[in-house]
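A.B. asks:
There are 6 protein chains.
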Amino acid sequence: MYDDILLTALREDIGPGDLTTESCVPANRQALGRFVAKEGGMLCGLDIARRVFTLLDAAVTIQSDFTDGDTFAAGDVLGVVTGPARAILTGERMALNLLQHLSGIATATAEAVRAVQGAHAQITDTRKTTLGLRALEKYAVRTGGARNHRFNLSDGVLIKDNHITAAGGIEKAVAATRARIPHTLKIEVETSNMEQVREALRVGADIIMLDNMDDEAMREAVAEINGRTLVEASGNMGARDLARVASTGVDLISIGALTHSVRALDISLKFD
Amino acid sequence: MYDDILLTALREDIGPGDLTTESCVPANRQALGRFVAKEGGMLCGLDIARRVFTLLDAAVTIQSDFTDGDTFAAGDVLGVVTGPARAILTGERMALNLLQHLSGIATATAEAVRAVQGAHAQITDTRKTTLGLRALEKYAVRTGGARNHRFNLSDGVLIKDNHITAAGGIEKAVAATRARIPHTLKIEVETSNMEQVREALRVGADIIMLDNMDDEAMREAVAEINGRTLVEASGNMGARDLARVASTGVDLISIGALTHSVRALDISLKFD
Amino acid sequence: MYDDILLTALREDIGPGDLTTESCVPANRQALGRFVAKEGGMLCGLDIARRVFTLLDAAVTIQSDFTDGDTFAAGDVLGVVTGPARAILTGERMALNLLQHLSGIATATAEAVRAVQGAHAQITDTRKTTLGLRALEKYAVRTGGARNHRFNLSDGVLIKDNHITAAGGIEKAVAATRARIPHTLKIEVETSNMEQVREALRVGADIIMLDNMDDEAMREAVAEINGRTLVEASGNMGARDLARVASTGVDLISIGALTHSVRALDISLKFD
Amino acid sequence: MYDDILLTALREDIGPGDLTTESCVPANRQALGRFVAKEGGMLCGLDIARRVFTLLDAAVTIQSDFTDGDTFAAGDVLGVVTGPARAILTGERMALNLLQHLSGIATATAEAVRAVQGAHAQITDTRKTTLGLRALEKYAVRTGGARNHRFNLSDGVLIKDNHITAAGGIEKAVAATRARIPHTLKIEVETSNMEQVREALRVGADIIMLDNMDDEAMREAVAEINGRTLVEASGNMGARDLARVASTGVDLISIGALTHSVRALDISLKFD
Amino acid sequence: MYDDILLTALREDIGPGDLTTESCVPANRQALGRFVAKEGGMLCGLDIARRVFTLLDAAVTIQSDFTDGDTFAAGDVLGVVTGPARAILTGERMALNLLQHLSGIATATAEAVRAVQGAHAQITDTRKTTLGLRALEKYAVRTGGARNHRFNLSDGVLIKDNHITAAGGIEKAVAATRARIPHTLKIEVETSNMEQVREALRVGADIIMLDNMDDEAMREAVAEINGRTLVEASGNMGARDLARVASTGVDLISIGALTHSVRALDISLKFD
Amino acid sequence: MYDDILLTALREDIGPGDLTTESCVPANRQALGRFVAKEGGMLCGLDIARRVFTLLDAAVTIQSDFTDGDTFAAGDVLGVVTGPARAILTGERMALNLLQHLSGIATATAEAVRAVQGAHAQITDTRKTTLGLRALEKYAVRTGGARNHRFNLSDGVLIKDNHITAAGGIEKAVAATRARIPHTLKIEVETSNMEQVREALRVGADIIMLDNMDDEAMREAVAEINGRTLVEASGNMGARDLARVASTGVDLISIGALTHSVRALDISLKFD
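Chains as they are written, first to last, in the numbering used here: chain A, 155 to 426; chain B, 155 to 426; chain C, 155 to 426; chain D, 155 to 426; chain E, 155 to 426; chain F, 155 to 426.
(1) Under a CB-based cut-off of 9 Å, is Pro180/D close to chain A?
(2) For the beta strand (DSSP E) that Ala185/F lies in, which residues bound it at each end?
(3) Using CA atoms only, rank isn't needed, just tell me which of Ala275/F, Asn316/F and Gly286/F is closest to Ala333/B.
(4) Along chain C, which residues have their Cβ under 7 Å away from the Cβ of Pro170/D?
(5) Starting from Gly237/A and walking both ways along the beta strand (DSSP E), at which residues does that stretch end?
(6) For Arg387/D, which beta-bridge partners are listed by DSSP?
(7) If you draw a straight line from the alpha carbon of Leu173/D to that of Ala320/C, how long is it in whole angstroms?
(8) Looking only at DSSP bridge pairs, what is Arg301/C linked to?
(9) Given a threshold of 16 other Cβ atoms within 10 Å of its Cβ, counted over all protein chains shown, does Lys292/D qualify as buried or as exposed?
(10) For Ser415/D, report the span of its beta strand (DSSP E) as first-last.
(11) Between Cys198/B and Leu250/B, how many whole angstroms is the CB-CB distance? I'm expecting something under 8 Å.
(12) Quick one: Cα of Arg301/F to Cα of Ala294/F, how far?
(13) Here's a check: name, in chain order, each residue in its chain whose Cβ is nearer than 6 Å to the Cβ of His317/A, leaving out the five neighbours to either side.
(14) Closer than 8 Å by beta-carbon distance: list the chain C residues that pair up with Asp167/D, in chain order.
(15) Could you tell me the distance, in whole angstroms, from the CA atom of Gly258/B to the CA atom of Asn347/C?
(16) Interface residues of chain B around Ser115/A at Cβ under 7 Å?
(17) What residues from the segment 341-354 of chain E come within 8 Å of chain D, judged by C-beta to C-beta, listed N to C?
(18) Could you tell me the boundaries of the beta strand (DSSP E) in which Ile216/E lies?
(19) Buried or exposed: where does Ala203/C fall if 16 or more other Cβ atoms within 10 Å of its Cβ makes it buried?
(20) Give me, in chain order, the residues of the same chain whose beta-carbon lies closer than 7 Å to that of Gly169/D; leave out the 5 immediate sequence neighbours on both sides.
(21) Note down, in chain order, all residues in the segment 372-401 of chain E with a beta-carbon under 7 Å from any beta-carbon belonging to chain F.
(22) So which residues of chain D does Ile159/C contact, with C-beta pairs closer than 8 Å?
(23) Would you call the CB atoms of Gly237/D and Val190/D closer than 9 Å?
(24) Whole angstroms are fine: how far does the CA of Glu246/D sit from the CA of Leu253/D?
(25) For Val311/D, name the three-state secondary structure that DSSP assigns.
(26) Got a sec: which bits of the segment 190-207 of chain B sit with their beta carbon under 9 Å from any beta carbon on chain I, in order along the chain?
(27) Specify, as a first and last residue, the run of the beta strand (DSSP E) that Thr221/F falls within.
(28) What are the partner residues of Glu344/F, as DSSP defines its beta bridges?
(29) In the segment 242-259 of chain E, which residues sit with their C-beta less than 9 Å from some C-beta in chain F, listed in chain order?
(30) Distance check for Ala418/B and Ile277/A, CA to CA, integer angstroms please.
(31) In the structure shown, what three-state DSSP assignment does Leu290/A receive?
(32) Look up Thr225/A in the DSSP assignment and give the residues it is bridged to.
(33) With H, G and I counted as helix, E and B as strand and the rest as coil, what does DSSP make of Ser177/A?
(34) Bridge partners for Lys326/E per DSSP, in chain order?
(35) At a Cβ threshold of 9 Å, is Arg334/E touching chain D?
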């Protein structure tokens, strides 16, 4: 399913050939390696790492007691890869890059989800993903227990201030959009004050985004909206802000940092 | 030059069409936006951001007093984008993602370069780059003033412990590699103790990597090698370690974190 | 914007080269042709036909008093194409194919829209489009004045009987979907009787599709739903049925025949 | 063999993922569906529909007592598809689109072939095919019992009036073409009156197309040509005209409507 | 027209970047180079070489007094390339490879054409072309004054001994082929003795290939066929054999060596 | 590994379909063919030829007593191909083209290697390869026992006279390059006289190319360099020159003719 991404990346990483491996490793040599967690977290990308290897050589297998979404501790063996040594050595870096990156996202997402546990709010991602890796990163966000925001500019409508200005006001923007888009899509309007919230509500927005509002303003908006639309809080939210924001009663909290500034988890591949 | 990457990413981000913009923004509307730095750093990706917009509409232009590699302060206007409003709004997110990500890498690289200033050592990147973005990220590393390590598995040889084991020792690995590869490539051998350093030296390695050695070991290795090969220090090095490692006399310090865990710089696009 | 589709089609139609034209037509010969309507209808595809020619030779131009969405009568000159004769003759068939096919869709769509004029209902298309041409055909439907249904399986949710069975009932299907999809998407449930309508309503569907119901059933469903969700009528509707179905009070009528069985409009290209 | 077309179409139809199916249908659920004919006709596309499913999941199979080219009656079960429910539901629409479209072409072709049965003339298609689907549609025409005209502009020569004008007459056009093309290709000349027929004959055309001539003119041309070239009748021929045109003695009758205005056959997929 | 081939080849030759040129040559440096013939021959590929450079940088131009098909002597300046030095240096090798290879084919072809001058026979190429370069090489053969044989397996029919065996004889093979292929294609049958020639003639072949026959046999075949079909002589023919073979009266002589074993012409690019 | 090249070539050679084979050969017919050497040489491309067939039909197999790099005599059976007759006949030409071309390169390379046997020098190829086939041709050179020069412009540095001029001298060119390129690459400088050799040596070149020097000059250069860099002899070297050049003491002799003017080996496929 992600073969296009993986093949592009393999071509990028290998180029005309893995000279070191082809020189040093006999073609019939077998190898066994263990993915070992150097720190705890949530696993994401095991099937994808497996696919990296099988694209290089169908004979590589990964055995594991874990599956994507499981949590692990430092020292855990996340999987045992066996098969032709050449394919394993050539694919090692890319498999690790993916596993570390996606597990990093899932782990950060799970932390954010935990931070709002008990509250009504759900965590979502944004479009601030790594170029070309959106499908993988959104999968990691779902693995971490959060919801996805729209995948791209055609499967969700988000009317921002510039759209509002260009259309001549929120009412005109919403009307023009409703006339143009499939009826299967909701219309979300970005607002930054109560006046905009009220207009969005009046003209029939399906979702209202509260952009960079303080807690009091968010509470006021939630009260005004009173369940008539979904309410999404947005704006450079850090891990510490989440519980507080959730307590305002918003339905969704979107966090760009889940994908645009994620720290790769430390996982290594140890060979016998 | 990076059009393949950019077109793939535009297709990913736009899908069948930017519904919001097509609905709200008249086709002939013009717009003017300013890229504003929310924090200081080193600029990287201005031409690439420009290309994102011109791939959408050739009439978009970006004027700027800055060029890639320049440093800027919080509040600086990094560029003024003008042209058809639809293309600018549709490309905004992707242009920003790139500018933030690449400037983040360049800024972190420049810091690392500064940390070893005065010492003999040079900073290099690794292959721990984001899938599909290696060419862009290596460009950002060069912009930040560091050198690139090999681009892929075919334009550089790095004999690691697994290769050594498979080949039956350092001597055999180096010999097999030398017989197979173009004579235009150097051979680098990863070592983790003095015994390996001495064998690599004896069998004619061109570069010796000191992997995860402590300062004393590195000093000893540098003394032993005594300029007969290049010496590269490697191993989860943080910003704080660099000056200390550089003082051991190594020629190169490679840092995976420059590209695999980079924090995006905060840059926004403000419209009139 | 549709270049990928057009280039694929040009390669299909031309193969290694247009032997007849290359043999008979001098490279510097100019030509002038007129697109003439052999029957009346609504124009769609003029810019796309223009792009076919300019992909072959940038020097070809099309002048026209018409624009997509205009209606025309038999005998009208829809455009005058001028430029290098080779490119015009080589691209003629494909430009005509497109113009005839898309104008056929727009014309049929406009007729359907006219048939429900005065009623509340809107016409929409379906996913029953020609393989590979969905973007073009959905554009023709919009040109004809109707709305688009979802573009693909990821930008709209339509829970059909098989999904309901697999999930264990409407309630479970809706709940599972709501937990998985972006909050920007509505959930549509296909129903074939009042019991299903009531359950869909109860569990919070956003859109209820009435599949192959007779007029009385549709009226009953519309009354029961009473504006709480959108109501879409579906099921092999012909041109004659539209006004009658619209009178039941449904919000949307989806018609697969707009795209899956369209008659190409008769347009020819006459050369001076 | 048609994988490129099918993969492009699957990407178009699925986008980033089939949200409804992924939400409602457990990954290990199996399904069984029957392709049921709602009207009689000739089957075409069974192997292609099978390939649609196996591209999604290699475990899907289709059992059938029919094979492409068989005729069926309303109510017949054309095939039984079994396998993972997700792949079957996700591929359902596209498999049906193909089966309905190609069977529609094969059925219309078989009717045209029947209409000229007993006469000497053979039915052929034209280049008026759906963009991107020519290979599939020409296969459906062969399945229906007719012959294919040239596949593209490089595997057949058809000198039309514009080519004749550009070359300076039929004689020059034929001579220029003969000098340029592979000797394995015949040269066809389009004519609209007896003078042109005679010149085409005189300069050695291999095939003469009679374009939009009435029956008397065609009879006269056939008599004049007297077997020295193939004779092809062309020009907006409907089903009713075929027997009459065939009686004029032409060798071939080409019909654009076989592919450019085909009605999809009504076939459905019923699940247990 | 050949952009796909050229872009693939540029990616192959450049990889992630031309390190030498980027390091040594300032971005704004201009250059002027002269393509100089080291030996005489026929020019082919000038426009293609020009395209190689403009794909790298649209500002590169080539001025020339020659055009493809012109003959030149050792020492002649075949073109003067000017523009940005980086693009010229990076593209130099590939432009030269093409110019040398295609001019080599055109020169060898022109020699073969000259060898049969005065005789009735024409020279043609075969499908023994370089993988991926057939379009370019067939163009060079035409430039050299010979005709092209079929472009691929779908635009010409050549029934060889294995096809005959599989079909159960020449008669069955020709009949099966005639029933399946477009009527725009001729049918060629490969024969190796008079019995086969007579059967091919009897069953209506359009072209008869005489495979590896001696002169006497070819003369006899030509007499027997007596103009009723085209006659093609084939079989490892060298430059010395051509006049002799042409004297047997065949219509066509096909020569695989024109493309499968061509010697590159010696052309260099001299810089000021 | 070479699938992209092979699929492109198969599409080129087959086009929309192999009409002759589809017409004459029943779908279930099996065939057995023998690759027979018409002249002696070194085998290269057996696995690649096998892949050509299995891309057409996975049921085709090739049995052989030979493997790439083995030498064979005229008359030897190089492999026995069995499987579905259609795939074998359709793939025959391309499999043979590859086998003949690559074996031609391997054979010529092996001859060159033999010519310098006993001397210190090694043979290498150049970038004068066939467009699009570099990976295959470099593999054939390795099969023939020689070494590869750089694969493309990014995995090796070769500073030529034009680079030197643009940079302002050898010293500046080498310094600029060293500052820009990965430290894993050597720097080669092209020289044509002793003055340049000495400067290249002084500024730290890793490899010195002696371009078109006579034997005496090469001897002098080798003595001057005295092992401090690798020395590569270059310049239109023919088979007869090799032993003589090797005797000058150079380390490497690069020969463009190995790939740019290779004669295809005569191998045929004989069917039972």
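A virtual CB, placed ideally from N, CA and C, is assigned to each residue, including glycine.
Predicted, not measured: the structure shown is a model, and the values here were computed from it.
C.D. replies: On the basis of the data shown:
(1) no
(2) Gln184 to Ala191
(3) Ala275/F
(4) Ser308
(5) Val231 to Pro238
(6) The question names Arg, but residue 387/D in the sequence shown is Ala. Answer is Leu364/D and Ile407/D, bridged to Ala387/D.
(7) 14 Å
(8) Thr278/C
(9) buried
(10) Segment: none, Ser415/D is in no beta strand (DSSP E) and carries neither H nor E.
(11) About 13 Å; that fails the 8 Å criterion.
(12) 10 Å
(13) Ala327
(14) Arg281, Arg288, Asn306 and Leu307
(15) 58 Å
(16) A question about residue 115/A goes unanswered here, because the residues of chain A that appear run from 155 up to 426.
(17) Glu342
(18) Thr215 to Gln217
(19) buried
(20) none
(21) none
(22) Leu285 and Gly286
(23) no
(24) 11 Å
(25) strand
(26) Any reference to chain I falls outside this structure, whose protein chains are A, B, C, D, E and F.
(27) Counting along the chain, Thr221/F falls outside any beta strand (DSSP E), and DSSP gives it neither H nor E.
(28) Met363/F
(29) Ile242, Leu243, Thr244, Glu246, Arg247, Met248, Leu250, Asn251, Leu252, Gln254, His255 and Gly258
(30) 21 Å
(31) helix
(32) Met196/A
(33) helix
(34) In DSSP, Lys326/E forms no bridge with anything.
(35) yes
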